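Its first residue numbered 1, the sequence shown is counted upward by one per residue in the numbering used here.
Just below is one structure, and these are the notes that go with it.
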Amino acid sequence: MGKILEISELGHPILRKRASEVENVQDVKVQNFIDDLIETCTDSNGVGIAAPQVYKSDRIFIISSRPNIRYPNAPELGPVAIVNPEITYFSDEKVKDWEGCLSIPGIRGLVPRHKTIKVKYQTRDGEDVENEFSDFIARIFQHELDHLDGIVFLDRIDNNKELVTEREYQRLITKEMEEGDLEKEG
Ligand code: ZN
Numbered sequence: 001m002g003k004i005l006e007i008s009e010l011g012h013p014i015l016r017k018r019a020s021e022v023e024n025v026q027d028v029k030v031q032n033f034i035d036d037l038i039e040t041c042t043d044s045n046g047v048g049i050a051a052p053q054v055y056k057s058d059r060i061f062i063i064s065s066r067p068n069i070r071y072p073n074a075p076e077l078g079p080v081a082i083v084n085p086e087i088t089y090f091s092d093e094k095v096k097d098w099e100g101c102l103s104i105p106g107i108r109g110l111v112p113r114h115k116t117i118k119v120k121y122q123t124r125d126g127e128d129v130e131n132e133f134s135d136f137i138a139r140i141f142q143h144e145l146d147h148l149d150g151i152v153f154l155d156r157i158d159n160n161k162e163l164v165t166e167r168e169y170q171r172l173i174t175k176e177m178e179e180g181d182l183e184k185e186g
């Protein structure tokens, strides 16, 4: 069982630094850290969290995907640790959707991301994996990998007008859902 770690916030230099490769994922310190990162992700209700978000500059993040309001078809995945990740292919097609970030509380933004990606990474058991992700998981993967390169979602926004506060975001999605229901009703 891991422990809950403090989350770093925008302005702290660790969020702007390239994180280092993990040399030996099976090291007990790395394994304990992964447990703590998973615990912190679950505790904060995040769909993902990257090591720099808990003041550790290592190339590790967690994905924890489940169906939600915006992505009712999102697969259940994780919480799973992704170590030393790389994206080996990006689809030309990009999709814009809302993102938030545990390190940027109170703000949401419409972020363009590649719809489909092919990736390589290590599991926490040290196994090398290749995989293809689309839509919601591809979005989480790109957001979290950005954290390992010192990039936050604000850097990916096309237009500052596509940034909103959490309260306005909640209003927006409620409205979208109601309109969506009306469309379905005809
Ligand atoms: Zn984030």
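Glycine included, C-beta positions come from ideal geometry on N, C-alpha and C.
Source: prediction; values computed, not measured.
Item: Got a sec, what are the start and stop residues for the alpha helix (DSSP H) residue 30 sits in?; Value: 28-43
Item: Below 8 Å between beta carbons: does that hold for residue 82 and residue 121?; Value: yes
Item: Since residue 153 and residue 65 are thought to touch, with beta carbons under 8 Å apart, how far apart are those beta carbons, to the nearest angstrom?; Value: Rounded, the Cβ-Cβ distance is 17 Å, inconsistent with contact.
Item: Does residue 165 come out as helix, strand or coil in the three-state DSSP assignment?; Value: strand
Item: Looking at C-beta atoms only, is the number of pairs between the stretch 9-26 and the stretch 101-115 that lie closer than 8 Å three or more?; Value: yes
Item: Who does residue 176 pair with in a DSSP beta bridge?; Value: Its beta-bridge partners do not exist; DSSP assigns none.
Item: How long is the line joining the alpha carbons of residue 22 and residue 160, rounded to whole angstroms?; Value: 35 Å
Item: Relative to the C-alpha of residue 93, which candidate in 178, 114, 39 has its C-alpha closest?; Value: 114
Item: Assign residue 40 to one of two classes, buried (16 or more other C-beta atoms within 10 Å of its C-beta) or exposed (fewer than that).; Value: buried
Item: Return the CA-CA distance between residue 28 and residue 180, expressed in angstroms with no decimal places.; Value: 49 Å
Item: When the distance is taken between beta carbons, is residue 58 closer than 8 Å to residue 4?; Value: no
Item: Taking just the CA atoms, how far does residue 63 sit from residue 100?; Value: 14 Å
Item: Rounded to whole angstroms, what is the Cα-Cα separation between residue 26 and residue 35?; Value: 13 Å
Item: So, for residue 52: in the same chain, excluding its five sequence neighbours on each side, which residues have a beta-carbon less than 6 Å away from its beta-carbon?; Value: 14, 15, 19, 147
Item: Of the choices 175, 1, 169, whose alpha-carbon is the least far from that of residue 110?; Value: 169
Item: Within 7 Å: the Cβ of residue 102 and any heavy atom of the ligand ZN?; Value: yes
Item: Is DSSP giving residue 144 helix, strand or coil here?; Value: helix
Item: Applying the 10 Å Cβ sphere with the 16-neighbour rule, what's the burial state of residue 144?; Value: buried
Item: Based on the DSSP output, what are the partners of residue 95 in its beta bridges?; Value: 113
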